[in-house]
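Peer 1:
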């Protein structure tokens with residue numbers, strides 16, 4: 161914990177922190193409500209927010225932690241332009257690929273630019289002229305900067321805004337081994353960051369998505385309100401359900417040969433299992449889609465699992481489910497789809513787990529009929545065996561076999577091994593030890609700075625307001641005199657505030673001329689980790705009340721023991 | 161001087177600071193050349209720059225000084241969005257008025273925005289909902305942020321870029337007296353900033369320009385390459401020549417009555433004075449223009465001065481010189497213009513100094529003829545007497561009467577009393593003590609953060625490179641071992657670097673495997689205030705060489721006296 165930022169005592173009567181009694185009408189998640197009510201952020205327009213002084217103090221705390229961990233793990237800070245020339249994106253091929261989230265701009269001379277949604281192109285172009293030799297490698301350059309992504313539907317305030325603060329780092333390595341080393345360093349740095357920020361989090365296997373690359377992990381702050389679903393195990397394993405390995409345990413339906421069964425009124429797997437008096441895991445579920453190359457696929461997974469479209473996309477790039485029109489055109493039935501007798505050219509993929517099931521229960525491509533005993537390799541062919549299912553809570557952990565638990569999370573950081581995707585596309589090379597020109601191996605490493613602020617609130621609040629972890633609180637202690645006029649109470653409060661400040665804490669003095677109830681409510685809402693209440697009665701006995709915001713516990717403490725009491729709560 | 165940022169020793173072998181032997185071909189001013197050659201900035205596109213690690217360290221030094229001075233002078237830091245809704249600018253009336261420097265953007269839902277060139281609108285809108293009572297005032301809110309101005313011709317790198325870093329502050333006061341107090345506080349803060357950054361500067365009277373308001377001063381870093389011309393006096397007076405008070409001393413041409421004189425071939429004031437055998441100061445020079453309201457004016461100043469268009473604009477809003485076409489239409493001659501017999505409706509203004517000259521020498525509105533002895537109030541009328549001249553080097557100081565000196569400067573800061581211009585336009589009011597609603601009195605206070613970095617280089621460099629003032633240098637000391645392999649030299653250098661770092665200095669160790677000449681050249685170019693050279697010969701006698709970059713002075717210093725020697729240079 162950094163106790164040494166801003167030693168001066170802040171005064172509530174000065175601070176521009178207008179608290180609100182009511183939630184803003186358009187606040188759609190708890191952090192949006194509490195950060196606005198605590199006078200820390202204000203909405204300017206959809207997805208655009210102003211940080212007021214207390215909110216910005218939290219942002220600066222996060223930035224400082226990120227900066228220190230980056231610097232001590234081999235990072236060097238740079239700052240690239242926010243406005244980027246289209247030409248760079250055209251070279252990487254992403255100018256057209258990026259989509260509407262990238263806001264395009266035309267300058268007064270009719271040149272095209274974009275508002276930087278990310279900086280792979282800019283940094284790759286920058287270093288490609290400067291890092292010429294393997295001797296210059298590795299380098300890991302980072303920046304802390306505003307990004308802009310023109311979200312179709314900005315929501316959840318700082319969690320999915322349009323303009324947001326991010327730390328983005330890019331490493332340039334000579335080979336995979338060096339990239340692996342930098343990646344591991346960054347992973348350590350991120351663990352330190354999350355620990356210092358007081359987050360409850362999991363490191364999960366994730367989907368490389370639009371950025372590309374071949375290995376990536378996300379740092380997920382656990383919160384019920386998180387958009388991401390994940391599974392985890394006490395052994396340390398965790399994964400986004402979009403990518404988590406899945407090992408279903410399908411069962412064998414007893415049938416010796418391909419047999420067509422009339423199944424009137426059966427439309428769901430549950431109905432089919434009930435009709436056949438078997439487990440859902442003894443049936444195979446079909447899901448159809450097409451790739452960006454126009455190929456049509458029917459995917460099969462055990463009946464008790466769902467097809468994971470993210471995994472389907474890895475097998476069939478650009479995978480999108482077929483529409484009713486598509487299906488009619490191709491000659492696929494809407495229900496009762498199965499692998500036997502599919503129209504010519506339609507390919508079949510199946511979950512790896514089904515390979516060991518000799519005879520399947522499947523649709524007969526005819527409404528009201530199914531097959532039992534359909535044998536792969538004989539009655540139909542499988543073009544690809546893949547991990548295609550979405551993992552479930554309770555599935556066996558792929559590392560230790562114990563049942564997986566489910567949670568929801570907010571992505572606060574992500575680390576990627578990009579490989580040579582961008583360096584190849586942009587022809588960014590260096591001369592290796594053997595004299596040959598090679599593309600850089602790259603990694604990239606992001607932290608959502610403003611998003612982390614919101615994530616901390618999502619996972620740490622109560623009915624009264626925010627409960628800041630000490631590492632990122634706008635200040636550590638608020639000293640609250642139950643008096644406003646100069647008297648022995650205000651004098652003692654001033655003295656105490658000065659002493660705590662001198663001891664290295666960031667201290668706020670609530671010197672406002674307000675009723676005690678208003679002060680208590682506001683300070684609970686703002687969420688300083690510690691409150692020290694100075695009242696006439698206690699003072700007569702030489703004591704004040706020290707409140708731990710997180711637990712709500714209040715204890716009467718002698719004036720000369722306050723610092724020790726604060727130490728205990730903050731530690 | 162802040163000695164406590166980043167105590168770790170930096171290593172030149174790690175730092176991403178690619179120095180260049182040649183100036184970039186498009187670098188058009190010394191700071192553009194040196195900052196690029198020293199590996200501190202890189203051009204991304206016209207007016208868009210990346211800050212490399214050493215350059216960003218300088219920026220952070222400047223930011224920290226600005227932040228500390230703002231915080232100790234009543235400022236509170238906030239952060240507003242960079243992308244701003246058009247609607248706010250429409251309310252203030254500046255959406256159309258701002259011109260092409262404001263880059264307009266359309267989002268995916270066809271809403272209009274701009275990239276923030278400044279933030280008066282956003283902040284006024286923000287506080288108008290929150291600062292409701294005189295009890296909440298004054299407040300002074302600032303931010304340190306990237307701005308964008310789409311300059312027609314971006315040039316001089318960081319001095320006139322398109323994307324640049326700025327500290328902008330806005331104060332909200334209940335009345336003029338409070339605004340005056342905040343303005344004076346900011347003036348003190350700016351003096352401290354400039355002093356701590358080691359700038360040679362003048363505080364000059366300036367032109368309110370597009371921002372508006374009724375009083376403004378600029379903080380000008382003195383540099384021969386500066387765009388601004390200024391006059392100053394040792395008594396402390398200084399002004400931009402666009403606004404500096406001017407008190408010409410015109411002389412009286414001896415003539416008793418209006419007399420027309422044939423002046424063949426006389427086209428200039430010099431020719432006229434020679435023809436009449438008088439001082440140029442005995443003649444009156446004419447200059448015609450029109451206001452935005454369509455009014456046509458002829459302005460007269462003493463023949464040895466020039467009309468100042470900035471002052472003309474104060475008299476005649478939107479003042480623009482007449483074109484030849486305009487003049488032909490109105491019936492004004494191109495040469496020999498004078499106040500006698502002007503076409504109907506043309507107004508006359510004259511410099512205040514001419515009021516005391518009874519009879520003037522002027523054009524006769526007829527090519528080849530002049531009048532002498534033209535008497536104002538009789539032969540012609542003067543509609544307005546104003547300060548209309550551009551001040552000269554050598555003019556009497558308006559404060560003390562000594563001759564003014566001329567200089568050139570780079571504006572690094574500007575402070576404004578805006579008054580109620582924005583609050584009235586945007587209907588931003590508070591309830592005063594007497595219960596009445598009043599518009600805020602506002603001030604605004606800017607510092608060009610990235611521009612200050614360039615200004616420091618413009619005023620502090622030599623043939624070998626940059627000479628950073630200690631307050632904003634990327635590090636204080638570079639320790640240069642004249643060896644790269646592990647030996648007693650590198651060992652002593654490491655030890656010394658560690659000791660200086662422990663003493664609170666920011667230390668760089670040039671541990672590169674390079675020849676001494678390369679190291680000396682690079683370190684002179686980068687411009688650390690102190691170099692400590694560790695060589696075999698000196699070490700044998702227990703000494704190293706300490707070089708003061710600014711003076712070039714090198715002294716041999718005993719190992720245990722190095723810290724004291726560094727202290728002396730840095731202090």
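Chains as they are written, first to last, in my numbering: chain A, 161 to 731; chain B, 161 to 731. For glycine and all other residues, C-beta sits at the position ideal for the given N, C-alpha and C.
1. Give me the Cα-Cα distance between residue 660 (chain B) and residue 727 (chain B), rounded to the nearest whole angstrom.
2. For the pair the segment 557-564 of chain A and the segment 575-590 of chain A, tell me if three or more CB-CB distances fall below 8 angstroms.
3. For chain B, find out if any of its Cβ atoms is closer than 8 angstroms to the Cβ of residue 310 (chain A); answer yes or no.
4. At 3 residues or longer, what runs of the beta strand (DSSP E) sit wholly inside the segment 269-317 of chain A?
5. Do residue 607 (chain B) and residue 353 (chain B) have their C-beta atoms closer together than 8 angstroms?
6. Using a C-beta to C-beta distance shorter than 7 angstroms, which residues of chain A count as neighbours of residue 594 (chain B)?
7. Using three-state DSSP, classify residue 449 (chain A) as helix, strand or coil.
8. Hey, is the segment 714-725 of chain A in contact with the segment 672-687 of chain A, meaning 3+ C-beta pairs nearer than 8 angstroms?
9. What number of angstroms, rounded off, separates the C-alpha of residue 477 (chain A) from the C-alpha of residue 206 (chain A)?
10. Within the chosen definition, does the segment 311-323 of chain B reach the segment 207-220 of chain B through at least 3 CB pairs nearer than 8 angstroms?
11. Name, going along the chain, the residues of the segment 252-280 of chain B whose beta-carbon falls closer than 9 angstroms to a beta-carbon of chain A.
12. Under 8 angstroms between beta-carbons, which chain A residues line up against residue 245 (chain B)? List them in chain order, please.
13. Rounded to the nearest angstrom, what separates residue 200 (chain A) and residue 219 (chain A) at their Cα positions?
14. According to DSSP, what are the bridge partners of residue 150 (chain A)?
15. Please compile the residues from chain A whose C-beta is within a distance smaller than 8 angstroms of the C-beta of residue 686 (chain B).
16. I need the straight-line Cα distance from residue 472 (chain A) to residue 177 (chain A), nearest angstrom please.
17. Let me know the secondary structure DSSP gives residue 611 (chain B) once reduced to three states.
18. Spatial neighbours of residue 402 (chain A) within its chain, please: C-beta separation below 7 angstroms, excluding the five flanking residues on both sides.
19. Could you check if residue 636 (chain A) is buried or exposed, using at least 16 other CB atoms within 10 Å of its CB as the buried criterion?
20. Going by C-alpha to C-alpha distance, which of B:542, B:526 and B:507 sits closest to residue 518 (chain B)?
21. What residues from chain B crowd round residue 696 (chain A), counting only those whose CB sits closer than 7 angstroms?
22. Around the C-beta of residue 386 (chain B), are 16 or more other C-beta atoms found within 10 angstroms, so that it is buried, or is it exposed?
23. For residue 242 (chain A), which of A:222, A:282 and A:482 has the nearest alpha-carbon?
24. Just the chain B side, please: which residues come within less than 8 angstroms of residue 299 (chain A) by C-beta, in chain order?
25. Where residue 559 (chain A) and residue 347 (chain A) are concerned, what is the direct C-alpha to C-alpha distance, given to the nearest angstrom?
26. Any beta-carbon of chain B closer than 8 angstroms to the one on residue 282 (chain A)?
27. Find the nearest neighbour of residue 298 (chain B) within the set B:273, B:334 and B:320, judged by alpha-carbon distance.
28. Quick check on residue 197 (chain B): does DSSP put it in helix, strand or coil?
29. Contact between the segment 390-402 of chain A and the segment 495-515 of chain A: three or more CB pairs below 8 angstroms?
30. Name the two residues that bound the continuous alpha helix (DSSP H) containing residue 436 (chain A).
31. Identify whether residue 480 (chain A) lies in helix, strand or coil by the three-state DSSP scheme.
32. Counting only beta-carbon atoms, is residue 162 (chain B) nearer than 8 angstroms to chain A?
33. Examine chain A for any beta-carbon lying closer than 8 angstroms to the beta-carbon of residue 240 (chain B), and answer yes or no.
34. So, for residue 408 (chain B): in the same chain, excluding its five sequence neighbours on each side, which residues have a beta-carbon less than 6 angstroms away from its beta-carbon?
35. Note down, in chain order, each residue of its chain lying with its Cβ closer than 7 angstroms to the Cβ of residue 480 (chain A), except the 5 sequence neighbours on either side.
36. Grab the span of the alpha helix (DSSP H) containing residue 470 (chain A) for me, first residue to last.
Peer 2: In short, the structure shows the following:
1. 10 angstroms
2. no
3. yes
4. Runs of the beta strand (DSSP E) lying entirely within the segment 269-317 of chain A and spanning at least 3 residues, in chain order: 272-275 and 299-308.
5. Taking 8 angstroms as the cut-off, the beta carbon of residue 607 (chain B) is found closer than this to the beta carbon of residue 353 (chain B).
6. The contacting residues do not exist; residue 594 (chain B) stays about 20 angstroms from chain A at best.
7. strand
8. no
9. Looking at the two C-alpha atoms, the distance is approximately 33 angstroms.
10. yes
11. The segment 252-280 of chain B vs chain A, Cβ under 9 angstroms: 260, 261, 263, 264, 265, 266, 267, 268, 269, 271, 273 and 275.
12. The answer, in chain order, is 204, 205 and 208.
13. 10 angstroms
14. Absent from the model: residue 150 (chain A). The displayed extent of chain A is 161 to 731, so no value can be given.
15. Going along chain A, no residue has its Cβ under 8 angstroms from residue 686 (chain B), so there is no contact; the nearest lies around 15 angstroms.
16. 49 angstroms
17. helix
18. Sequence-distant Cβ neighbours of residue 402 (chain A) in its own chain, meaning closer than 7 angstroms and more than five residues away, are 367, 468 and 470.
19. Counting of Cβ neighbours within 10 angstroms places residue 636 (chain A) among the buried residues, the total reaching 16 or more.
20. B:542
21. Within 7 angstroms Cβ-Cβ: nothing; residue 696 (chain A) doesn't reach chain B, min ~25 angstroms.
22. buried
23. A:282
24. 176
25. 20 angstroms
26. yes
27. Comparing Cα-Cα distances from residue 298 (chain B) to each of B:273, B:334 and B:320, the minimum goes to B:334.
28. helix
29. no
30. 429-436
31. strand
32. Its pLDDT being 38, under 50, residue 162 (chain B) is placed unreliably by the model, and nothing is read from it.
33. yes
34. So the qualifying residues of the chain are 462, 465, 513 and 549.
35. 449 and 450
36. 469-475
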